[in-house]
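Trainee:
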Amino acid sequence: MDMIELIDNKDEHLHKPQNIPYWRESYYFNAMDPKNNIFTVSTMGYMPYEKTSHYFSVLYIDDKLYSHVGFQKLNNENDIRENPTDGKSSFKLIKEHDEWNVKLKKRNFEMDYSWKARFPVFEYIGGWKIPNILVQEHYEQSGTVKGTIKMKDGSLREINGFGHRDHSWGVRDWIYIDNWYWTSVQFEDGKMALNCWLNLIGGKKYMHGFISIKNKNIAIKNIEVETKIKQNNPNQPQSAIFTLIDENKKEYSLKAETKYLMTLPQSYKDGIAYVNETISKFEMNGEVGYGVAEYLRSERKK
5 MDMIELIDNK
15 DEHLHKPQNI
25 PYWRESYYFN
35 AMDPKNNIFT
45 VSTMGYMPYE
55 KTSHYFSVLY
65 IDDKLYSHVG
75 FQKLNNENDI
85 RENPTDGKSS
95 FKLIKEHDEW
105 NVKLKKRNFE
115 MDYSWKARFP
125 VFEYIGGWKI
135 PNILVQEHYE
145 QSGTVKGTIK
155 MKDGSLREIN
165 GFGHRDHSWG
175 VRDWIYIDNW
185 YWTSVQFEDG
195 KMALNCWLNL
205 IGGKKYMHGF
215 ISIKNKNIAI
225 KNIEVETKIK
235 QNNPNQPQSA
245 IFTLIDENKK
255 EYSLKAETKY
265 LMTLPQSYKD
275 GIAYVNETIS
285 KFEMNGEVGY
295 GVAEYLRSER
305 KK
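In our numbering, each residue's number is its place in the sequence shown (first place is 1) plus 4.
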């Protein structure tokens, strides 16, 4: 599928909730600052059918993990609000397709950063369309991140790096996805970013992706992934090689080395989907970057 720039500002805001199973509207942000040894991911999702909202954040500072998980009950549509917050994690839109403010307040620290666009927003045309499994509208964007983390002892850490965000709305039933590979990479030179996504379902491949460079996006047309696991544990991805072919038939080899790993089991009536969320170091064509690599695998009941 080709890719186009998303130009409708209303898509940054909430969409009409659908009262059907596994429909959700989600916002996702990450920030990578290897120079200050700070890496963080924050996301949230409204799930009207399940009558709940879910907030999740991880923050690594000097190799130490801080995390946040929050749930809030949704009594009706009035509880689904712009600029979502659970009182600890918050996401505030400043300017459509350009700037957001992300905060996380915990007992040990307060994180507050500005996420500002550095490449245009791009949408996956047609979204993610896999009938009865994944039917979502979806767009992604790379940005710069600046802010602070105030620790309990009064010390202040600066955040000054690059990051990624996405916004999606629609149905996502993870248990029927056999394998899912998703990456967002911010290269250290600041001139390039990459995002790609590969789903394997019943022997079929579904994929999207693009490389952001010089105010344009180059579509990725094919993705192959080889993973190396630790101690024969499929939920311990150690490294991976993503072989990518773009719309100009240029081939890339993206190497990922896991730096931090968190496994997030998602329980369903038909089994468990394991989301293995990693902060990883990447290398492609001699350029080094940092970002997120997600490896999902499902174990369905027989």
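All residues carry an ideal CB built from backbone N, CA and C; glycine is no exception.
Nothing here was measured: the structure is a model prediction, and the numbers come from that model.
Quick one: Cα of Pro135 to Cα of His142, how far?
Mentor: Straight-line measurement puts the Cα of His142 at about 16 Å from the Cα of Pro135.
Trainee: Does the stretch 20-29 come into contact with the stretch 98-111, if we say contact requires no fewer than three beta-carbon pairs (one atom in each stretch) closer than 8 Å?
Mentor: no
Trainee: What beta strand (DSSP E) runs, 3 residues minimum, are completely inside the stretch 158-199?
Mentor: Restricting attention to beta strand (DSSP E) runs no shorter than 3 residues, the stretch 158-199 encloses them at 160-176 and 183-191, ordered along the chain.
Trainee: Figure out for me which residue from Ile227, Phe166 and Lys92 has the closest Cα to the Cα of Lys120.
Mentor: Phe166
Trainee: Quick test of the definition: if touching needs 3 or more C-beta pairs under 8 Å, does the stretch 258-265 touch the stretch 283-294?
Mentor: yes
Trainee: Check whether the Cβ atoms of Asn87 and Phe95 sit closer than 8 Å, and answer yes or no.
Mentor: yes
Trainee: DSSP three-state label for Asn136, please.
Mentor: coil
Trainee: Ile179 and Arg85: beta carbons closer than 8 Å?
Mentor: no
Trainee: Are the CB atoms of Tyr32 and Gln190 nearer to each other than 8 Å?
Mentor: no
Trainee: Take Val229 and list the residues in its own chain whose beta-carbon comes closer than 8 Å to its own, dropping the five residues that flank it on each side.
Mentor: Sequence-distant Cβ neighbours of Val229 in its own chain, meaning closer than 8 Å and more than five residues away, are Tyr185, Leu202, Ala244, Ile245, Phe246 and Thr247.
Trainee: Tell me the DSSP secondary structure of Asn23 in three-state form.
Mentor: coil
Trainee: Quick check on Lys306: does DSSP put it in helix, strand or coil?
Mentor: Here Lys306 sits in coil by DSSP.
Trainee: Taking Tyr64 and Lys110 to be in contact with their CB atoms under 8 Å, please state how far apart those CB atoms are, rounded to whole angstroms.
Mentor: That pair is no contact at about 14 Å.
Trainee: So the beta strand (DSSP E) His17 belongs to, where does it begin and stop?
Mentor: Careful: His17 lies outside any beta strand (DSSP E) and carries neither H nor E.
Trainee: Out of curiosity, what's the CA-to-CA distance linking Ile8 and Leu108?
Mentor: Residue placement at Ile8 is flagged as unreliable, the pLDDT there being 41, under the threshold of 50; the coordinate-derived value follows with that caveat. Distance between the alpha carbons of Ile8 and Leu108 is about 33 Å.
Trainee: Under three-state DSSP, which class holds Asp250?
Mentor: The answer is strand: DSSP assigns Asp250 an E or B state.
Trainee: Which of the three DSSP states, helix, strand or coil, is assigned to Asn236?
Mentor: coil
Trainee: For Lys39, which residues in the same chain have their Cβ closer than 8 Å to its Cβ, ignoring the five residues on either side in sequence?
Mentor: Excluding residues within five positions, the ones whose Cβ falls inside 8 Å are Asn164 and Gly165.
Trainee: Taking the C-alpha atoms as reference points, what is the distance between Asn34 and Thr282?
Mentor: 12 Å
Trainee: Where Val279 and Arg301 are concerned, what is the direct C-alpha to C-alpha distance, given to the nearest angstrom?
Mentor: 7 Å
Trainee: Would Gly158 pass as a contact of Tyr117 if the rule is Cβ separation under 8 Å?
Mentor: no
Trainee: Nearest to Glu127 by alpha carbon, out of Ile24, Ile215 and Thr231?
Mentor: Ile215
Trainee: Residues in its own chain within less than 8 Å of Ile205 by CB, not counting five upstream and five downstream?
Mentor: Ile134, Ile137, Tyr180, Ile181 and Asp182
Trainee: Checking 8 Å against the spacing of the C-beta atoms, do Gly147 and Arg122 come in under that value?
Mentor: In contact: Gly147 and Arg122 (Cβ atoms closer than 8 Å).
Trainee: DSSP on Lys259, reduced to helix/strand/coil?
Mentor: strand
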